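Worksheet: the structure to be examined is printed underneath.
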Amino acid sequence: MSKKAIIPLAILAAPYAYLAYFWVSCFSTRCSFDPNMILCTLVAVIALPVVMLITGVGFAAGGVRRLRAAKAEATSGQGGGEGRGSGVAGLSIGLWLLAGAIPGCLGLLYIALDTPPPGRDRLGRICEKTNSGEVCRPDPEADHPTTLEMANRQLRRQREQR
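Written out as structure tokens, the structure is:
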């Protein structure tokens with residue numbers, strides 16, 4: 008892999024290395040959870056498929072480049088194609104990273120681009136436009152309560168017990 012590819016990949020991997028160090032040191036000693044680190048970890052986990060995609064393309068492109076160079080050396084008779092092993096390794100690592108990243112990226116796109124049916128919100132409630140804005144109410148025909156409704160019922164029960 009060239010230095011031009013190693014530097015950006017190292018920059019992409021640096022936050023993950025720091026997060027791994029932070030969480031290992033946190034779990035090995037007694038520490039209080041820092042909300043900022045929890046947020047950084049959440050952002051890093053969400054960005055992981057994109058980072059894997061970029062890294063996979065870098066490894067695959069480097070592997071293909073090394074394989075082509077080894078093939079050109081072997082056909083010209085100048086050498087035995089010494090870069091063939093590292094080219095195959097780089098290409099296979101890149102393809103494995105791409106195979107893992109594509110479902111993650113598709114899942115992120117589904118979450119980001121998922122739109123509810125017209126007249127409903129993302130929680131499945133029926134929404135109607137009024138003069139003062141939009142009013143949403145639970146669906147009376149729903150055969151089961153939503154997670155939000157169950158949580159609200161549990162909170163009401165806890166308040167009544169106090």
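Throughout the sequence shown, residue numbering follows the numbering used here, covering 8 to 169 in sequence. Heads up, the beta-carbon is just placed ideally off N, CA and C, and yes, glycines get one too. Model, not experiment: these values are computed from the prediction.
Counting C-beta neighbours from all protein chains within 10 Å, is the total for residue i 16 or more, i.e. buried, or is it exposed?
i	result
M59	buried
R73	buried
F34	exposed
G92	exposed
A149	exposed
G65	buried
Assuming residue i contacts residue j under a Cβ cut-off of 8 Å, what Cβ separation, rounded to an integer in Å, is found between them?
i	j	result
G70	L98	3 Å
L105	G63	4 Å
L102	A67	6 Å
L19	I61	6 Å
Find the nearest neighbour of residue i within the set the options, judged by alpha-carbon distance.
i	options	result
C143	C134, T154 and H151	C134
G94	R75, C33 and A106	R75
T48	Y25, Q161, D128 and L19	Y25
R127	L19, S83 and K136	K136
D146	G140, N138 and E156	E156
Just list the residues that DSSP pairs residue i with in beta bridges.
i	result
R127	I133
G140	T137
### Segment contact flag, the segment 104-115 with the segment 49-67, C-beta cutoff 8 Å, min 3 pairs
yes
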